[in-house]
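Residue numbers (our numbering): 53 to 309.
Ideal Cβ placement from N, Cα and C applies to all residues, glycine included.
Note that the coordinates shown come from a computational prediction; the quantities given were computed from them, not determined experimentally.
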């Protein structure tokens with residue numbers, strides 16, 4: 053046997069530790085492979101959109117069901133109210149009906165018809181800057197944006213009057229409002245607060261409706277009749293107040309000129 057080099061020591065075979073960069077990533081990655089791209093975010097986002105869409109569809113379905121249920125209860129009394137409002141505003145009665153059916157205060161109308169019920173029924177017609185205060189979300193889905201709407205008002209909400217207030221008053225509160233008597237039992241009027249017309253509207257309200265209405269009263273409760281001196285003093289004070297409001301309105305008009 054021939055002598056081996058290096059003093060007879062057998063060297064181990066050379067083994068390359070170099071790996072293919074295509075398999076293990078770029079050099080300097082410490083031999084670790086890149087983790088697979090996660091699709092969790094995409095799947096979650098898509099699922100959220102689907103769930104949100106289903107929820108809106110369910111809200112819309114409930115809104116339609118509620119409006120259909122309320123529409124089935126309408127009678128000649130509602131038609132009279134909607135007709136007077138539409139005529140005063142200058143829109144069609146179906147538009148008034150559409151606005152009111154989605155109002156969360158819709159039950160105030162039925163209370164107004166009851167014997168001993170609500171004496172005054174009020175409606176605002178103006179842009180709804182804060183829809184949550186006058187209408188639930190299910191009634192606003194198809195009416196987004198600053199559009200003028202007919203809104204039922206109870207007088208105790210935080211919505212300020214910036215447009216026109218329309219009101220129905222029933223002087224004979226103990227008597228129920230029926231389709232047969234609504235024309236004679238209910239008085240209709242308005243207050244225009246737009247463009248600084250409030251004082252002028254108050255003057256018209258007092259002079260054209262309230263004072264004539266009070267002068268027709270015969271039963272003043274404990275005061276008995278209109279001939280009572282306290283009743284006369286009250287009516288005189290109302291007339292003086294009307295004159296004061298009228299004068300203030302005229303002065304404001306002159307200052308603007």
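Is residue i helix, strand or coil by DSSP?
{"i": "residue 211", "result": "coil"}
{"i": "residue 281", "result": "helix"}
{"i": "residue 312", "result": "The chain is shown only over 53 to 309; residue 312 falls outside these bounds and no answer can be derived."}
{"i": "residue 132", "result": "helix"}
{"i": "residue 293", "result": "helix"}
{"i": "residue 298", "result": "helix"}
{"i": "residue 240", "result": "strand"}
{"i": "residue 221", "result": "strand"}
{"i": "residue 270", "result": "coil"}
{"i": "residue 259", "result": "helix"}
{"i": "residue 303", "result": "helix"}
{"i": "residue 252", "result": "helix"}
{"i": "residue 226", "result": "coil"}
{"i": "residue 155", "result": "coil"}
{"i": "residue 231", "result": "coil"}
{"i": "residue 275", "result": "helix"}
I need the straight-line Cα distance from residue i to residue j, nearest angstrom please.
{"i": "residue 225", "j": "residue 204", "result": "20 Å"}
{"i": "residue 29", "j": "residue 156", "result": "Residue 29 is absent from the structure shown; the chain starts at 53 and stops at 309."}
{"i": "residue 212", "j": "residue 178", "result": "10 Å"}
{"i": "residue 297", "j": "residue 266", "result": "18 Å"}
{"i": "residue 270", "j": "residue 276", "result": "8 Å"}
{"i": "residue 120", "j": "residue 150", "result": "11 Å"}
{"i": "residue 288", "j": "residue 302", "result": "21 Å"}
{"i": "residue 247", "j": "residue 217", "result": "13 Å"}
{"i": "residue 110", "j": "residue 117", "result": "11 Å"}
{"i": "residue 295", "j": "residue 263", "result": "12 Å"}
{"i": "residue 249", "j": "residue 176", "result": "15 Å"}
{"i": "residue 314", "j": "residue 153", "result": "Residue 314 falls outside the range modelled here, since the chain spans only 53 to 309, and no answer is possible."}
{"i": "residue 283", "j": "residue 293", "result": "15 Å"}
{"i": "residue 200", "j": "residue 145", "result": "15 Å"}
{"i": "residue 272", "j": "residue 222", "result": "16 Å"}
{"i": "residue 160", "j": "residue 230", "result": "16 Å"}
{"i": "residue 142", "j": "residue 281", "result": "44 Å"}
{"i": "residue 241", "j": "residue 147", "result": "20 Å"}
{"i": "residue 234", "j": "residue 105", "result": "44 Å"}
{"i": "residue 174", "j": "residue 133", "result": "11 Å"}
{"i": "residue 107", "j": "residue 126", "result": "29 Å"}
{"i": "residue 279", "j": "residue 253", "result": "29 Å"}
{"i": "residue 243", "j": "residue 165", "result": "22 Å"}
{"i": "residue 128", "j": "residue 291", "result": "37 Å"}
{"i": "residue 130", "j": "residue 215", "result": "23 Å"}
{"i": "residue 206", "j": "residue 285", "result": "31 Å"}
{"i": "residue 261", "j": "residue 227", "result": "20 Å"}
{"i": "residue 139", "j": "residue 163", "result": "23 Å"}
Which partner residues of residue i appear in the DSSP bridge assignment?
{"i": "residue 204", "result": "175"}
{"i": "residue 395", "result": "Because the chain spans 53 through 309 in this model, residue 395 falls outside it and cannot be assessed."}
If contacts are defined as beta-carbon pairs under 8 Å, then residue i and residue j qualify, I think. What distance do you get, rounded to the angstrom?
{"i": "residue 202", "j": "residue 220", "result": "Between residue 220 and residue 202 the Cβ distance is about 13 Å, and since that is not below 8 Å, they are no contact."}
{"i": "residue 300", "j": "residue 257", "result": "Residue 300 to residue 257, Cβ: 14 Å. No contact."}
Counting only beta-carbon atoms, is residue i nearer than 8 Å to chain D?
{"i": "residue 158", "result": "Absence of chain D from the displayed structure is noted, only one protein chain being present."}
Quick check for students: name the residue ranges of the alpha helix (DSSP H) that lie wholly in the segment 105-151, counting only runs of 4 or more.
128-141
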